[in-house]
Each structure stands twice: as C-alpha cells, then as structure tokens.
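What follows is a set of notes on a single structure, which appears directly below.
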Amino acid sequence: MDRKTVNLMMLLAFGVMVVSGVMAFFLPFSIKTTGLHALMGFVFLGLIVLHLGHNSQRLRQSAAWKRVLGSVSLIALLSALFIWQPAPIRAVLSTSENMGAALEMFEMDEEGAVYRYAPAENYKLKLQVEFGVGYHEASPPEMAIWLENKSSYHIKTLHRTASSKLLPYWDWKVREYEAAKEEAEQKEPENVDVISSATPNASFDPRDYILPERNTEPFYLLIEINQVGDFNQHYADQPSIIYRVEIDNAYPNYYQVLDVVGYSKFNPEEDAWDAYYPDGTLTTCLKLIDSALLVISRSNL
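The sequence shown begins at 1 in the working numbering and counts up by one.
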C-alpha cells in the first residue's frame with residue numbers, strides 16, 4: 001500500500017474515531033457506537049504501523065531526544081490526569097450522557113444523591129434525592145434504596161451504605177427475601193422455577209416485576225434513611241424514616257415523588273419490622289431528605 005493511500009486512510013479512520021467518540025460521550029451508552037470506536041482504533045493503529053514503515057528514514061533523521069522526551073512526557077501527564085480525574089476533569093465527564101454498560105450508577109455529594117438503574121435499554125429509572133437541613137456532610141446518614149413487588153416483598157436492593165444494622169426495616173425485608181430464595185433453591189430441580197403461592201416471591205429476577213412486557217402489576221421503590229445519634233427529647237436516637245412511591249406501568253408517569261410512609265419500629269406480635277406513621281415525637285429525622293423525585297424513561301411501550 002503506497003504512502004498516499006495510507007495517509008488518506010489514516011485521515012478517514014481518524015475522522016470516524018472522532019465522530020464515534022463524540023457520539024459515545026454525548027449519547028447514552030450503545031455497544032454499536034463503542035464497538036465502532038474501539039475497532040476503528042485498532043484499524044488506525046495498523047495504519048500508523050504502515051505510516052511509520054513508509055516514513056522511518058525521515059523519522060530517524062528528525063528524531064531529537066528533547067522532542068521525543070517532551071512528547072512522551074506530555075502524553076504521560078495527560079494520561080495520568082485522565083485516569084486520576086481531578087475535579088475539573090470530573091466536571092467535564094459529568095456532562096456525558098454515557099452511563100456505560102453498567103446497569104446501575106450511584107453518586108452522592110453534600111447536596112443530594114442520584115441513582116440510575118436501567119434494567120433494559122428501553123426502561124430507565126433515575127432517583128434524585130435532595131438532602132434537607134437535617135443532613136450533615138461530616139457524618140452522612142445511613143441509607144438504603146430498594147424495590148418491592150405488589151405484595152410488598154423485597155425484589156432488589158439498588159443501593160445501601162456500609163452498615164445494614166442501622167437500617168432495620170430494609171434489613172428485615174432482605175432477610176425475608178433471602179429466606180424465601182433459600183426455600184426455593186431447596187426444592188426439587190423441576191419445581192424451582194414454579195414457586196409455591198406461599199412463597200413471597202414468584203420470581204427472583206427483578207426484571208420480571210419491573211418491565212411492562214413481563215409484568216402488568218405495580219411495584220414500589222423505597223428509601224430508608226437513618227442518622228446515627230440523632231436525638232431529641234423523646235428519643236436517644238430517632239428511628240429511621242421510610243419513603244415510598246408506587247410505579248404502575250399501566251398508567252405511566254415520567255415524574256413521581258416519594259412520600260413518607262412511616263418510621264421503622266419492631267412489632268413483637270408479628271415478629272417483624274413495620275413502618276408506623278410519623279407522630280409528634282419525630283423531629284430532625286424528618287428533615288434528612290427535602291425531596292425525592294423518581295424519573296422514569298420508557299420507550300417503545
């Protein structure tokens with residue numbers, strides 16, 4: 001392949017890489033766009049090898065140690081910055097709409113938290129939590145986010161902080177779920193997929209409850225939040241607060257607000273944790289969250 005052809009192909013390949021790179025940055029994740037960018041990169045690498053072969057003599061004549069060292073140092077510095085990602089770099093990357101191939105993403109700062117969950121390409125959840133005056137960045141509260149089916153049984157934990165003991169309502173829901181799952185796994189192989197009606201979960205795949213093509217019944221998204229050492233005149237440590245919203249694909253809404261459904265309290269008669277409606281004894285624990293908004297993007301429904 002002659003030098004002019006190689007140079008022209010390098011220019012065209014570089015153009016494809018630039019366009020696909022811009023698309024990958026500003027558009028939601030697409031394996032086709034990412035694949036195009038990556039594979040064209042390999043083609044470009046091969047063309048560079050051919051280019052070096054055609055111009056090896058010129059390069060040897062023009063190669064100066066200072067020029068080579070300066071170029072390598074600059075590229076190494078830029079690579080280190082892009083990997084380390086200081087605040088200015090993160091600010092640029094935050095403008096991207098590409099969530100990557102991951103189904104889930106969680107971000108939190110002193111103002112709030114954002115959680116994204118995409119169980120399918122045409123169904124995406126985005127939870128935006130704005131913290132209230134009761135939130136303290138120095139000692140952030142414990143928090144769990146999860147999904148429940150129509151019967152209020154846990155189907156998937158979306159996010160939780162390190163300490164589950166401080167989130168008793170969520171913890172009890174998960175233990176109930178794990179017990180049901182273990183019971184199902186102990187059944188005969190031919191009966192594992194068809195779980196008895198006495199078992200809380202008819203399926204352990206969360207998509208079976210979330211996606212409209214698999215389920216027509218509503219489901220719930222919940223938050224439990226608890227600030228350690230949050231005392232008042234009634235409590236040495238105020239209980240956790242539970243927020244909830246119903247999601248019904250039969251009546252789709254783009255925006256939905258989570259409401260307080262109660263505070264966590266153990267019910268000895270039922271041997272279970274329940275959510276009790278807040279009374280006058282609760283104060284600052286109700287101010288940990290100012291608002292919680294769920295945004296659901298549905299397509300081809």
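For every residue, glycine included, the Cβ atom is placed at its ideal position computed from N, Cα and C.
Reduced DSSP category for S240 - H, G, I as helix; E, B as strand; rest coil: coil
Contacts around V133, its chain only, beta-carbon distance under 7 Å, and the 5 residues preceding and following it disregarded: K287
Starting from D2, follow its DSSP beta bridges and name the residues at the other end. Beta-bridge pairing links D2 to no other residue.
For V228, which of helix, strand or coil comes out of DSSP? coil
Which residue spans inside the region 243-300 form an unbroken beta strand (DSSP E) run of at least 3? 255-257, 259-267, 272-276, 289-298
Should R298 be counted as a contact of the ligand ADP given a C-beta to heavy atom distance under 6 Å? As presented, the structure is devoid of all ligands, the ligand ADP included, so that no description of it is given.
Answer with buried or exposed for A38, where buried requires no fewer than 16 other C-beta atoms within 10 angstroms of its C-beta. exposed
Chain-order list of residues whose beta-carbon lies under 6 Å from that of S291 (same chain, five-residue window excluded): E130
Would you mind stating whether K265 and Y277 have Cβ atoms separated by less than 7 Å? no
Going by beta carbon distance, what residues of the same chain come within less than 7 Å of A272, once the five residues before and after it are set aside? W172
Using a Cβ-Cβ cutoff of less than 8 Å, which residues in the same chain neighbour T5 once the five nearest sequence positions on both sides are dropped? none
Distance, S164 Cα to P200 Cα: Residue confidence for P200 is low, a pLDDT of 49 falling below 50, so the modelled location carries little weight; the figure read from the coordinates is stated next. The alpha-carbon atoms of P200 and S164 are separated by roughly 22 Å.
My assumption, with CB atoms under 8 Å, is that A113 sits in contact with E104. Please give the rounded CB distance. Not confirmed; about 13 Å, so no contact.
Rounding to the nearest angstrom, what Cα-Cα distance links I296 and G21 in this structure? 27 Å
Among all the DSSP beta bridges, which residues are the ones paired with K173? Paired residue(s): none; K173 is not in a bridge.
Distance check for V174 and K187, CA to CA, integer angstroms please. 20 Å
Where S196 sits in the DSSP three-state scheme: Unreliable placement is indicated for S196, whose pLDDT of 37 sits below 50; the coordinate value is still reported in the next sentence. DSSP places S196 in coil when its eight states are reduced to three.
What are the residues that DSSP puts in a beta bridge with L157? The sequence as given places Thr at residue 157; Leu does not occur at that position. For T157, which the question treats as bridged, DSSP gives the partners W146.
Which two residues bound the contiguous beta strand (DSSP E) that contains Y235? Taken as a continuous stretch (DSSP letters only), Y235 belongs to no beta strand (DSSP E), as it is neither H nor E.
With C-beta atoms as the reference, is L220 less than 7 Å away from E246? According to the sequence as given, residue 220 is Tyr; it is not Leu. Cβ atoms of Y220 and E246: closer than 7 Å.
Beta-carbon proximity check, I225 vs P141, cutoff 7 Å: yes
Between K124 and A118, is the Cβ-Cβ spacing less than 7 Å? yes
How about I241 and Y263: do their beta carbons lie closer than 7 Å? yes
Quick one: what does DSSP say K181 is sitting in, helix, strand or coil? helix
How far does the alpha helix (DSSP H) with R207 in it reach, from first residue to last? 207-210
If you count every other CB in all the chains shown that lies within 10 Å of the CB of G15, and 16 or more means buried, which is it? exposed
For T34, which residues of its own chain have a beta-carbon under 7 Å away from its beta-carbon, when the five flanking residues on both sides are left out? A24
Those residues which DSSP pairs with E121 across a bridge: Paired residue(s): none; E121 is not in a bridge.
Within 7 Å, strictly: CB atoms of Y115 and H154: no
According to DSSP, simplified to helix, strand and coil, what is Q128? strand
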